[in-house]
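All remarks here apply to the structure that follows.
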Amino acid sequence: MSTLIDLDHYAEEVAAFAGLAAGFVAGSSTLRLDDVERQLRQAVEAGQHTIVWETRDPIIFRPGNLYDGPGREHAPTSFSLEFRCEFSRPTATRRRCRVWQIVHSATHVSIEKEAGGLRFHVDYKNAGQWGPQVHLQIEESPEHGDLPIPRIPAMSFLPTDCADLALSELHPEEWRRTQGAGGMQHHMSVVRNAQESRTLAYVSDIRRQWNQDTRLTRISMLQDYTAAIAGLPDRHGRDARY
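Quick note on this note's numbering: the sequence shown kicks off at 1 and runs consecutively.
This is the structure in structure tokens:
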């Protein structure tokens with residue numbers, strides 16, 4: 001089924017996340033962050049039937065070296081973010097309606113340091129594809145066997161969620177301090193509440209499907225999980241609908 005998302009509310013979340021993460025973005029990518037924020041807002045306000053929201057160039061985040069544990073320094077390690085999301089407006093909606101269907105979403109993260117790097121992506125499963133509805137996958141490459149597996153189940157797939165994951169890994173202490181700063185509380189509440197609502201929707205849906213089918217192990221069901229969520233909830237817990 002096609003899940004709905006309120007892009008008006010998500011655009012507000014993107015703006016809030018950009019405010020939180022601004023100090024972690026490399027100077028060369030500041031305008032790129034502004035561009036994706038503006039691009040989504042303008043598409044929503046224009047009421048485009050199809051919205052393709054994507055990075056024109058990778059958004060690069062500044063390096064960190066304290067990501068393994070207290071006092072354990074590593075070579076400076078940075079990450080960059082690229083994504084392409086496609087949304088389609090349901091035919092029955094009015095132009096002023098801010099709800100779209102999720103058609104496709106893929107966010108690519110490249111983690112780099114002197115000795116090499118790692119690329120992975122977080123996908124929203126396409127129709128007819130196997131694997132978890134939302135999954136993290138190491139980038140396919142000839143040197144790593146060119147394999148599309150394993151697909152690791154995830155609860156988050158939107159670009160802001162993926163950036164949050166990478167910042168939490170590479171800047172664990174500083175990213176937490178930034179979130180707790182007094183001037184960041186509005187940004188924090190917008191992002192936190194929206195993430196919580198979406199995650200709870202997936203957890204509840206998985207539990208419901210588990211309860212309906214006891215013939216399979218829980219892990220094997222997760223590995224072929226297709227969400228039955230009509231509309232993702234916004235930060236207020238209201239499901240997207242038209």
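Note that beta-carbon positions come from the ideal geometry of N, C-alpha and C, so glycine has one too.
request  = Along the alpha helix (DSSP H) that carries residue 137, what are the first and last residues, could you check?
outcome  = First-last for residue 137: 134 to 138, but that is the beta strand (DSSP E), not the alpha helix (DSSP H).
query = Around the C-beta of residue 236, are 16 or more other C-beta atoms found within 10 angstroms, so that it is buried, or is it exposed?
reply = exposed
ask   = How would you write the range of the beta strand (DSSP E) that residue 60 sits in, first residue to last?
value = 59 to 64
ask   = For residue 14, does the count of other Cβ atoms within 10 angstroms reach 16, so buried, or fall short, so exposed?
value = buried
message = Is there a C-beta anywhere in chain B that falls below 9 Å from the one on residue 115?
response = In the displayed structure, chain B is absent; only one protein chain is listed.
ask   = Which of the three DSSP states, helix, strand or coil, is assigned to residue 185?
value = helix
8 Å contact criterion, which residue 187 and residue 19 should meet: CB distance rounded = The beta-carbon distance between residue 187 and residue 19, rounded to whole angstroms, is 4 Å. This is short enough to meet the 8 Å contact definition.
message = For the structure I just gave you, are there three or more beta carbon pairs, one from the stretch 90 to 107 and one from the stretch 60 to 78, closer than 8 Å?
response = no
ask   = Nearest CA to the CA of residue 79: which residue from 158, 178 and 59?
value = 59
task = Could you say which of 218, 162 and 36 lies nearest to residue 54 if we only look at CA atoms?
result = 36
ask   = Can the beta-carbon of residue 228 be found closer than 9 Å to that of residue 205?
value = yes
query = Per DSSP, residue 196 is paired with what?
reply = Answer is none; residue 196 lacks a bridge partner.
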